[in-house]
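In my numbering, the protein residues as written are 5 to 109. Each residue gets a CB set at the ideal place from its N, CA and C atoms; glycine is no exception. Structure record follows, encoded as structure tokens.
Written out as structure tokens, the structure reads:
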């Protein structure tokens with residue numbers, strides 16, 4: 005509920021001018037918030053890019069794991085045995101081993 009002080013701020017203005025002034029203030033607040041969101045989004049994208057460029061061995065050490073994840077599977081039959089072995093090793097040394105009941109194989 006507006007106070008009497010609010011009414012004093014707008015003495016001498018008609019209701020349309022008051023609404024326009026309030027609308028302008030809200031638009032300015034929205035623009036400032038949008039600018040902040042844009043800046044945070046850019047910072048997140050920058051951090052994401054740095055993580056994507058980080059070598060897998062550094063990423064695993066940074067995350068507190070000594071076993072790097074397997075390299076991406078190339079969908080060639082000859083790679084399957086080595087890849088699945090590496091995946092199993094990785095799973096047993098990471099929190100993935102504790103989420104097995106939540107995962108589909």
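Close beta carbons around residue i, own chain, < 7 angstroms, minus the five adjacent residues each side
{"i": "residue 5", "result": "Reliability of the predicted coordinates at residue 5 is poor, the pLDDT of 44 falling under 50, and the value obtained from them is presented with this limitation in mind. Closer than 7 angstroms at Cβ, skipping near neighbours: no residue."}
{"i": "residue 41", "result": "none"}
As assigned by DSSP and simplified to three states, the class of residue i
{"i": "residue 92", "result": "helix"}
{"i": "residue 45", "result": "helix"}
{"i": "residue 85", "result": "helix"}
{"i": "residue 75", "result": "coil"}
{"i": "residue 51", "result": "helix"}
Spatial distance of residue i from residue j (CA atoms)
{"i": "residue 82", "j": "residue 88", "result": "11 angstroms"}
{"i": "residue 93", "j": "residue 71", "result": "8 angstroms"}
{"i": "residue 33", "j": "residue 43", "result": "15 angstroms"}
{"i": "residue 30", "j": "residue 18", "result": "19 angstroms"}
{"i": "residue 55", "j": "residue 26", "result": "43 angstroms"}
{"i": "residue 84", "j": "residue 52", "result": "29 angstroms"}
{"i": "residue 97", "j": "residue 76", "result": "18 angstroms"}
{"i": "residue 36", "j": "residue 57", "result": "32 angstroms"}
{"i": "residue 28", "j": "residue 45", "result": "26 angstroms"}
{"i": "residue 48", "j": "residue 39", "result": "14 angstroms"}
Minimum C-alpha distance to residue i - residue among the options
{"i": "residue 78", "options": "86, 72, 71", "result": "86"}
{"i": "residue 73", "options": "29, 91, 39", "result": "91"}
Chain-order list of residues whose beta-carbon lies under 6 angstroms from that of residue i (same chain, five-residue window excluded)
{"i": "residue 24", "result": "none"}
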